[in-house]
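Take the position in the sequence shown, starting the count at 1, then add 1213; the result is the number in my numbering.
The beta carbon of each residue, even a glycine, is placed where N, CA and C say it ideally should be.
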Amino acid sequence: MTDPVAWADTVSALVAYSLVRRDGPTLTVHRLIAAATRAGMDPAGQKGADVTLLDLLAAGLPANIRDPATWPRWQALLPHLRSALGTADSDRDDQTLELVSSLADRIGSYLEHHGRPDTALPYHLRSLALNERILGPDHPNTLTSRNNLAGAYQTAGRLTDATDLYEQTLTDRRRVLGSDHPLTRTVAANLARCIGGEGTTADA
């Protein structure tokens, strides 16, 4: 792909044999061809392709999900992200699962921001479960996953679940990072907004 001429020749050959369909800069491979290609790979090849794909998707995702300019990119990559995360976690090593957890958390945050908290929740739950198992309950990534899951609960209107999770995360962040750490204060602010949403403004 680093050689534009070789890339163009390769794509042209694939299109000529009806192995891919070209639509502008996008190439689409038929599902049967994709399945046959995967089936023909040995386990090491499948694992290498899986890691490469996850790395490419992580590198291609915009960092700021709140910037409307990034949304077309997100929309283009989201089906590929969902497909890539469809592989069973039991088939991946811990290093790869950390990347899976990060991508799941980012997908969940994007979906929640776009008013789809129920769709976002399974991704946040998966991210938290992986981080707790691989990194431990007190790791900063685990605490961030828990905070983000609480946010998805809050957006979904499950305020009791959100409050309980925010309170647990706040307690742990105070213990691990201290009360004045910016991440601790972020959870405290999130908890206050959630409690305020329940109508208990004095507690908030």
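{"Item": "Check the DSSP bridge columns for V1233 and list the partner residues they point to.", "Value": "V1242"}
{"Item": "Between which two residues does the alpha helix (DSSP H) containing I1320 stretch?", "Value": "1307-1326"}
{"Item": "Hey, L1356 and L1312: beta-carbon distance below 8 angstroms or not?", "Value": "no"}
{"Item": "Less than 8 angstroms separating the beta-carbons of H1352 and N1344?", "Value": "yes"}
{"Item": "Using only CA atoms, which one of K1260, N1403, A1369, A1271 lies nearest to L1324?", "Value": "A1369"}
{"Item": "For R1406 and P1281, I'd like the C-alpha separation in whole angstroms.", "Value": "25 angstroms"}
{"Item": "In this structure, does DSSP put L1394 in helix, strand or coil?", "Value": "The sequence given here has His at residue 1394, not Leu. Residue state, collapsed to three classes: coil."}
{"Item": "Checking 8 angstroms against the spacing of the C-beta atoms, do E1380 and L1362 come in under that value?", "Value": "no"}
{"Item": "Using only CA atoms, which one of T1300, P1275, D1302 lies nearest to A1289?", "Value": "P1275"}
{"Item": "Could you tell me whether the region 1332-1341 touches the region 1301-1317, using the rule of 3 or more Cβ pairs below 8 angstroms?", "Value": "yes"}
{"Item": "Rounding to the nearest angstrom, what Cα-Cα distance links L1396 and A1257 in this structure?", "Value": "39 angstroms"}
{"Item": "In this structure, does DSSP put A1369 in helix, strand or coil?", "Value": "coil"}
{"Item": "Report buried or exposed for T1176, applying the criterion of at least 16 other Cβ atoms within 10 angstroms of its Cβ.", "Value": "There is no way to answer for residue 1176, as the model of the chain reaches only from 1214 to 1417."}
{"Item": "Could you tell me if R1279 is buried or exposed, where buried requires 16 or more neighbouring beta carbons within 10 angstroms of its beta carbon?", "Value": "exposed"}
{"Item": "Count the other C-beta atoms from every protein chain shown that fall within 10 angstroms of the C-beta of V1400, then say buried if there are 16 or more, exposed otherwise.", "Value": "buried"}
{"Item": "Which of the three DSSP states, helix, strand or coil, is assigned to L1348?", "Value": "coil"}
{"Item": "For P1292, which three-state DSSP category applies?", "Value": "helix"}
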